[in-house]
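S.K.:
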Amino acid sequence: MAREKTPAAAPSAEDEKKRIENEKKDLKKKQKDQKKEAKRRAKEIAKQEEELGLDEGNGLVTFGATVLIVFLWIAVVCVIVKLDIGGFGSTVLAPILKDVPVVNKILPGVSLTETDNPENYGGYSSLQEAVDYIRQLELELEQVRTASGTKDEDIERLLKENERLKEFENMQVEFQRIQTKFGEEVIYAENGPGPEEYRKWYEEFDPATAETLYKQVILQQEESKEIQEFAESYSSMKPKEAAGIFNEMTDNLNLVAKILNAMSADERGKILGAMDAEVAARLTKIMDPDT
């Protein structure tokens, strides 16, 4: 009869405890190794970053040096142009850059040095001499313009004065005409005073008085003309209509009287008959030469 196998004995608690402790040790060892690996990787990454930063810094230094060199070369060129070394600025660049804003500032300034050949500066020994002469001409031109303006003002003033004097001249001519007519129609008339009496009377006159009398004559003529026109206008109206207007002119009855005197006696009578009796009476007193 076959011999039956006996089952394996179950592990004891002590063995189980040792196994767990061994597993914990293995786990701690693995964790420690992982930490070391992580630190190593961190150092490698930091080193790589440091190397990259160093390369970038070197690039910036290189770029800065390049820009500095370019600026130095530009400065050297500007100095050469400004000092016109070898005529580079005045002969080569000036015709090209003279009309370019800002850039033309680097061109050499105008040389004012004297020259042994006056033809180089249009007959002048230096540009400064030519500039001084131009300024002198500008000053003389300004003086001529000022004098011309003053002359224009004087001419305009004299023209206005001439116009003003023409009025007096015309008045004098008219006065002379009236005087001549007066002599012909009054002095030498049949019942006139005669030349001798008129000469004495005229010698007593001064120009101012004569002018005043002339103005009065002209004014009276104009006034008489206006009165006559008024008289004709009112004469063409119906007497009742004209009377109604005159009744409203009690504040200027002298004018009404002049207008009525310029009318015929028949027209004047019709209008006065149609007027208010009191106003008509006042007008009659004004028109009566004996009052």
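FYI, in this note's numbering the residues of the sequence shown are 65 to 355.
For every residue, glycine included, the Cβ atom is placed at its ideal position computed from N, Cα and C.
1. Is E217 a contact residue of the ligand PLP, with contact defined as CB to any heavy atom under 7 Å?
2. Straight-line CA distance for F239 to K245?
3. Taking just the CA atoms, how far does W137 sit from P159?
4. Given this structure, state the Cα-to-Cα distance separating K81 from K92, to the nearest angstrom.
5. By the 10 Å Cβ neighbour count, where 16 or more other Cβ atoms means buried, how is I109 classified, buried or exposed?
6. Quick check: the Cα distance between K349 and M235, rounded to an integer number of angstroms?
7. Looking at C-beta atoms only, is the number of pairs between the segment 295-307 and the segment 323-337 that lie closer than 8 Å three or more?
8. Let me confirm a value: V125 is counted as buried when at least 16 other C-beta atoms fall within 10 Å, else exposed. Which label applies?
9. Quick one: measure Cβ to Cβ for L347 and A321, integer angstroms, because I've assumed they're closer than 8 Å.
10. I think L324 touches I335, with their Cβ atoms under 8 Å apart; what is that distance to the nearest whole Å?
11. Only counting the same chain, and skipping five residues up and downstream in sequence, which positions put a Cβ closer than 8 Å to that of A72?
12. Do D340 and N316 count as a contact pair if the criterion is CB distance below 8 Å?
13. Tell me which same chain residues have a C-beta within less than 6 Å of the C-beta of A338, skipping the five on either side of it?
14. Assuming contact is defined by CB atoms lying nearer than 8 Å, are P172 and K146 in contact in what I supplied?
M.R.: Walking through what the data contain:
1. As presented, the structure is devoid of all ligands, the ligand PLP included, so that no description of it is given.
2. As a working mapping, residue 239 is identified with position 175 in the sequence shown. As a working mapping, residue 245 is identified with position 181 in the sequence shown. Between F239 and K245, the C-alpha separation is close to 10 Å.
3. Taking the first residue of the sequence shown as 1, we reach residue 159 at position 95. Taking the first residue of the sequence shown as 1, we reach residue 137 at position 73. Spanning the two alpha carbons is a distance of roughly 22 Å.
4. To locate residue 81, count along the sequence shown from 1; it is residue 17. To locate residue 92, count along the sequence shown from 1; it is residue 28. Taking the straight line joining both Cα atoms gives about 17 Å.
5. The sequence position of residue 109 within the sequence shown is 45, counting from 1. Under this definition I109 is an exposed residue.
6. Here residue 349 corresponds to residue number 285 of the sequence shown, with the count starting at 1. Here residue 235 corresponds to residue number 171 of the sequence shown, with the count starting at 1. Going by the C-alpha atoms only, they are around 38 Å apart.
7. Of all C-beta pairs linking the segment 295-307 to the segment 323-337, three or more are shorter than 8 Å, placing the two stretches in contact.
8. Here residue 125 corresponds to residue number 61 of the sequence shown, with the count starting at 1. It counts as exposed.
9. In the sequence shown, the residue the question calls residue 347 occupies position 283. In the sequence shown, the residue the question calls residue 321 occupies position 257. At roughly 6 Å, the Cβ-Cβ gap stays under 8 Å, so L347 and A321 are in contact.
10. In the sequence shown, the residue the question calls residue 324 occupies position 260. In the sequence shown, the residue the question calls residue 335 occupies position 271. Contact holds; Cβ gap of about 7 Å.
11. Residue 72 sits at position 8 when you count from the first residue of the sequence shown. Low confidence applies here, because A72 scores a pLDDT of 49, under 50, leaving its location unreliable and the question unanswered by this model.
12. Reading the sequence shown from its first residue, position 252 is the one you call residue 316. Reading the sequence shown from its first residue, position 276 is the one you call residue 340. When the beta-carbon positions are compared, N316 and D340 stay at least 8 Å from each other.
13. As a position in the sequence shown, residue 338 is number 274, starting the count at 1. Sequence-distant Cβ neighbours of A338 in its own chain, meaning closer than 6 Å and more than five residues away, are P303, K304 and A307.
14. Numbered from its first residue, the sequence shown carries residue 172 at position 108. Numbered from its first residue, the sequence shown carries residue 146 at position 82. It is a contact, given that the beta carbons lie within the stated cut-off.
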